[in-house]
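Visitor:
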Amino acid sequence: MSHIEAREFGVRVGGDELLSALNFLCRAGAVTAIVGPSGCGKTSLLNAMSGLYPHTSGALLIDGDDSVGWSAARWRRFWRDRASFVHQNYGVIPDRNVGFNISLTTSGDRSRMCQALEAVSLEVPLTARAGILSGGEQQRVGIARAIYKSSQFVFADEPTASLDRVNREHVISLLRTLAREGRTVVTATHDEDLMKAADQVISL
1 MSHIEAREFG VRVGGDELLS ALNFLCRAGA VTAIVGPSGC GKTSLLNAMS GLYPHTSGAL
61 LIDGDDSVGW SAARWRRFWR DRASFVHQNY GVIPDRNVGF NISLTTSGDR SRMCQALEAV
121 SLEVPLTARA GILSGGEQQR VGIARAIYKS SQFVFADEPT ASLDRVNREH VISLLRTLAR
181 EGRTVVTATH DEDLMKAADQ VISL
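Here's what the structure looks like:
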(Lines of atoms letter the chains of each structure in order from A and count residues from 1; the text may use other names and numbers.)
(Lines give C-alpha, C1' and ligand atoms only; values in the text may rest on other atoms or scores of the structure.)
Protein backbone atom coordinates (compact mmCIF):
# COMPACT_ATOMS: atom_id res chain seq x y z
CA MET A 1 0.00 0.00 0.00
CA SER A 2 1.24 3.48 -0.85
CA HIS A 3 2.51 5.66 1.96
CA ILE A 4 4.77 8.62 2.77
CA GLU A 5 6.98 8.62 5.84
CA ALA A 6 9.03 11.57 7.13
CA ARG A 7 12.01 11.01 9.42
CA GLU A 8 13.60 14.12 10.94
CA PHE A 9 12.50 15.85 7.75
CA GLY A 10 13.34 19.50 7.13
CA VAL A 11 12.80 22.14 4.45
CA ARG A 12 14.93 25.19 3.71
CA VAL A 13 13.95 27.72 1.01
CA GLY A 14 16.07 30.71 0.00
CA GLY A 15 18.41 30.21 2.90
CA ASP A 16 15.61 30.17 5.48
CA GLU A 17 14.72 27.06 7.44
CA LEU A 18 10.97 26.72 7.15
CA LEU A 19 10.49 23.33 8.79
CA SER A 20 12.73 20.97 10.73
CA ALA A 21 12.82 17.56 12.43
CA LEU A 22 9.36 16.42 11.32
CA ASN A 23 8.30 12.81 11.81
CA PHE A 24 5.01 11.44 10.49
CA LEU A 25 3.41 8.70 8.39
CA CYS A 26 0.73 9.32 5.76
CA ARG A 27 -1.07 6.06 5.07
CA ALA A 28 -2.96 4.74 2.09
CA GLY A 29 -6.68 4.71 2.73
CA ALA A 30 -6.51 7.80 4.92
CA VAL A 31 -6.87 11.57 4.62
CA THR A 32 -4.00 13.37 6.35
CA ALA A 33 -4.55 17.05 7.13
CA ILE A 34 -1.61 19.42 7.60
CA VAL A 35 -2.87 22.17 9.90
CA GLY A 36 -1.62 25.24 11.73
CA PRO A 37 -1.81 29.04 11.72
CA SER A 38 -1.25 31.09 8.57
CA GLY A 39 2.41 31.29 7.66
CA CYS A 40 3.41 28.20 9.63
CA GLY A 41 4.51 26.27 6.53
CA LYS A 42 1.52 24.08 5.63
CA THR A 43 1.84 24.66 1.89
CA SER A 44 5.64 24.51 2.08
CA LEU A 45 5.44 21.06 3.66
CA LEU A 46 2.91 19.87 1.08
CA ASN A 47 5.14 21.16 -1.73
CA ALA A 48 8.21 19.49 -0.24
CA MET A 49 6.38 16.19 0.20
CA SER A 50 5.35 16.28 -3.44
CA GLY A 51 8.80 17.21 -4.74
CA LEU A 52 7.99 20.81 -5.67
CA TYR A 53 10.42 22.12 -3.03
CA PRO A 54 13.89 20.62 -2.46
CA HIS A 55 14.48 18.54 0.65
CA THR A 56 17.25 19.73 2.92
CA SER A 57 17.47 17.33 5.84
CA GLY A 58 16.28 13.98 7.07
CA ALA A 59 14.43 11.47 4.94
CA LEU A 60 11.13 11.40 3.07
CA LEU A 61 10.27 7.85 2.14
CA ILE A 62 7.71 7.20 -0.58
CA ASP A 63 6.71 3.56 -0.40
CA GLY A 64 9.94 2.96 1.52
CA ASP A 65 12.19 4.67 -1.05
CA ASP A 66 13.94 7.84 0.18
CA SER A 67 12.90 10.53 -2.31
CA VAL A 68 15.56 12.99 -1.09
CA GLY A 69 17.94 11.58 -3.69
CA TRP A 70 15.47 11.43 -6.56
CA SER A 71 16.44 13.11 -9.82
CA ALA A 72 14.18 15.55 -11.66
CA ALA A 73 13.38 12.78 -14.13
CA ARG A 74 12.36 10.46 -11.29
CA TRP A 75 10.01 13.11 -9.89
CA ARG A 76 8.50 13.63 -13.34
CA ARG A 77 7.75 9.90 -13.56
CA PHE A 78 6.19 10.05 -10.11
CA TRP A 79 3.86 12.84 -11.23
CA ARG A 80 3.12 11.24 -14.58
CA ASP A 81 2.30 7.81 -13.21
CA ARG A 82 1.36 8.06 -9.53
CA ALA A 83 0.41 11.51 -8.26
CA SER A 84 -2.04 14.38 -8.70
CA PHE A 85 -2.27 17.85 -7.17
CA VAL A 86 -5.56 19.59 -6.34
CA HIS A 87 -4.90 23.33 -6.19
CA GLN A 88 -6.54 26.04 -4.11
CA ASN A 89 -7.14 28.04 -7.29
CA TYR A 90 -8.66 24.92 -8.94
CA GLY A 91 -5.68 24.24 -11.22
CA VAL A 92 -7.64 24.18 -14.47
CA ILE A 93 -6.55 25.67 -17.77
CA PRO A 94 -9.51 28.01 -18.39
CA ASP A 95 -9.20 28.20 -22.17
CA ARG A 96 -9.10 24.43 -22.65
CA ASN A 97 -12.11 22.15 -22.47
CA VAL A 98 -13.10 19.93 -19.56
CA GLY A 99 -11.86 16.79 -21.27
CA PHE A 100 -8.38 18.22 -21.75
CA ASN A 101 -8.28 19.42 -18.14
CA ILE A 102 -9.10 15.91 -16.92
CA SER A 103 -6.72 13.95 -19.14
CA LEU A 104 -4.15 16.69 -19.90
CA THR A 105 -4.07 15.44 -23.47
CA THR A 106 -6.09 15.89 -26.65
CA SER A 107 -6.38 12.12 -27.07
CA GLY A 108 -7.67 10.98 -23.69
CA ASP A 109 -9.95 8.02 -23.11
CA ARG A 110 -13.43 9.51 -23.44
CA SER A 111 -15.13 6.73 -21.51
CA ARG A 112 -12.76 7.09 -18.54
CA MET A 113 -13.16 10.88 -18.61
CA CYS A 114 -16.93 10.51 -18.43
CA GLN A 115 -16.59 8.03 -15.57
CA ALA A 116 -14.38 10.53 -13.70
CA LEU A 117 -16.97 13.27 -14.17
CA GLU A 118 -19.70 10.95 -12.95
CA ALA A 119 -17.62 10.09 -9.89
CA VAL A 120 -17.48 13.77 -8.89
CA SER A 121 -21.17 14.30 -9.76
CA LEU A 122 -20.39 16.86 -12.44
CA GLU A 123 -22.86 16.99 -15.33
CA VAL A 124 -21.02 19.07 -17.92
CA PRO A 125 -19.94 18.13 -21.45
CA LEU A 126 -16.31 17.24 -22.02
CA THR A 127 -16.27 19.92 -24.71
CA ALA A 128 -17.27 22.73 -22.34
CA ARG A 129 -14.60 25.37 -21.75
CA ALA A 130 -13.32 24.95 -18.20
CA GLY A 131 -13.21 28.70 -17.60
CA ILE A 132 -17.00 29.04 -17.69
CA LEU A 133 -17.51 26.62 -14.79
CA SER A 134 -18.10 27.80 -11.24
CA GLY A 135 -15.34 27.56 -8.66
CA GLY A 136 -16.83 24.45 -7.12
CA GLU A 137 -17.18 22.80 -10.52
CA GLN A 138 -13.59 23.65 -11.44
CA GLN A 139 -12.37 22.13 -8.17
CA ARG A 140 -14.28 18.95 -8.99
CA VAL A 141 -12.59 18.86 -12.41
CA GLY A 142 -9.28 18.88 -10.54
CA ILE A 143 -10.40 15.92 -8.46
CA ALA A 144 -11.72 14.17 -11.58
CA ARG A 145 -8.18 14.45 -12.97
CA ALA A 146 -6.86 12.46 -10.01
CA ILE A 147 -9.56 9.84 -10.56
CA TYR A 148 -8.82 9.64 -14.29
CA LYS A 149 -5.13 9.08 -13.60
CA SER A 150 -5.87 6.52 -10.87
CA SER A 151 -3.34 8.45 -8.79
CA GLN A 152 -2.04 6.62 -5.74
CA PHE A 153 -1.05 9.93 -4.13
CA VAL A 154 -3.36 12.96 -4.05
CA PHE A 155 -1.98 16.25 -2.69
CA ALA A 156 -4.49 19.04 -2.08
CA ASP A 157 -3.58 22.61 -1.11
CA GLU A 158 -6.46 24.37 0.69
CA PRO A 159 -8.94 22.60 -1.62
CA THR A 160 -12.02 24.09 0.08
CA ALA A 161 -10.75 27.60 0.80
CA SER A 162 -12.58 29.42 -2.00
CA LEU A 163 -15.80 27.40 -1.97
CA ASP A 164 -19.24 27.92 -0.45
CA ARG A 165 -20.50 25.48 2.17
CA VAL A 166 -22.29 23.14 -0.24
CA ASN A 167 -19.26 22.79 -2.50
CA ARG A 168 -16.92 22.52 0.49
CA GLU A 169 -18.90 19.57 1.80
CA HIS A 170 -18.90 17.98 -1.63
CA VAL A 171 -15.12 18.30 -2.03
CA ILE A 172 -14.50 16.94 1.48
CA SER A 173 -16.70 13.96 0.66
CA LEU A 174 -14.79 13.37 -2.57
CA LEU A 175 -11.43 13.43 -0.77
CA ARG A 176 -12.78 10.92 1.73
CA THR A 177 -13.94 8.73 -1.16
CA LEU A 178 -10.49 8.84 -2.77
CA ALA A 179 -8.99 7.68 0.52
CA ARG A 180 -11.53 4.87 0.91
CA GLU A 181 -10.45 3.66 -2.53
CA GLY A 182 -6.97 3.08 -1.10
CA ARG A 183 -5.21 6.29 -2.11
CA THR A 184 -2.91 8.35 0.09
CA VAL A 185 -4.57 11.77 0.41
CA VAL A 186 -2.63 14.66 1.98
CA THR A 187 -4.12 18.13 2.30
CA ALA A 188 -2.97 21.45 3.73
CA THR A 189 -5.98 23.18 5.23
CA HIS A 190 -7.37 25.62 7.76
CA ASP A 191 -10.93 24.37 7.17
CA GLU A 192 -12.23 22.97 10.47
CA ASP A 193 -14.71 20.69 8.70
CA LEU A 194 -11.94 19.16 6.59
CA MET A 195 -9.79 18.74 9.70
CA LYS A 196 -12.62 16.87 11.41
CA ALA A 197 -13.11 14.66 8.36
CA ALA A 198 -9.39 13.75 8.24
CA ASP A 199 -8.16 10.46 9.63
CA GLN A 200 -5.03 12.04 11.05
CA VAL A 201 -3.61 15.51 11.55
CA ILE A 202 -0.08 16.91 11.29
CA SER A 203 0.04 20.06 13.42
CA LEU A 204 2.70 22.68 12.65
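Just so you know, UniProt numbering puts the end of the sequence shown at 204, numbered straight through with nothing missing. For each residue, glycine too, the CB sits at the ideal point set by N, CA and C.
#1: Helix, strand or coil for residue 10, going by three-state DSSP, please let me know.
#2: Would you report the Cα separation of residue 22 and residue 150, rounded to the nearest angstrom?
#3: If we count Cβ pairs, one from each stretch, closer than 8 Å, do we get three or more for the segment 68 to 84 versus the segment 93 to 105?
#4: In the DSSP assignment, find the beta strand (DSSP E) that holds residue 20 and state where it starts and stops.
#5: Determine the extent of the beta strand (DSSP E) in which residue 200 is found, giving its start and end residues.
#6: Quick check on the DSSP output: the beta strand (DSSP E) that includes residue 128 runs from which residue to which?
#7: If you draw a straight line from the alpha carbon of residue 139 to that of residue 17, how long is it in whole angstroms?
#8: Can you give me the C-alpha to C-alpha distance between residue 172 and residue 160, rounded to a whole angstrom?
#9: Quick check for students: name the residue ranges of the beta strand (DSSP E) that lie wholly in the segment 28 to 106, counting only runs of 3 or more.
#10: For residue 8, I'd like the list of residues in its chain whose CB is within less than 6 Å of its CB, leaving aside the five on either flank, ordered along the chain.
#11: Out of 134, 131, 183, which has the shortest C-alpha to C-alpha gap to residue 156?
#12: When you compare only the Cα positions, how much space is there between residue 4 and residue 198?
#13: Looking only at its own chain, which residues have a Cβ that is under 8 Å from the Cβ of residue 19, when we skip the five neighbours before and after it?
#14: Could you tell me the distance, in whole angstroms, from the CA atom of residue 14 to the CA atom of residue 178?
Guide: Let me spell this out:
#1: strand
#2: Pairing residue 22 with residue 150, the inter-Cα distance amounts to about 29 Å.
#3: no
#4: 16 to 27
#5: 200 to 203
#6: Residue 128 -> no beta strand (DSSP E), and no H or E assigned at all.
#7: Looking at the two C-alpha atoms, the distance is approximately 32 Å.
#8: 8 Å
#9: 30 to 35, 57 to 62, 83 to 86
#10: 21, 58
#11: Out of 134, 131, 183, the CA that lies nearest to the CA of residue 156 is found in 183.
#12: 16 Å
#13: Excluding residues within five positions, the ones whose Cβ falls inside 8 Å are 9, 10, 11, 41, 44, 45, 48, 204.
#14: 35 Å
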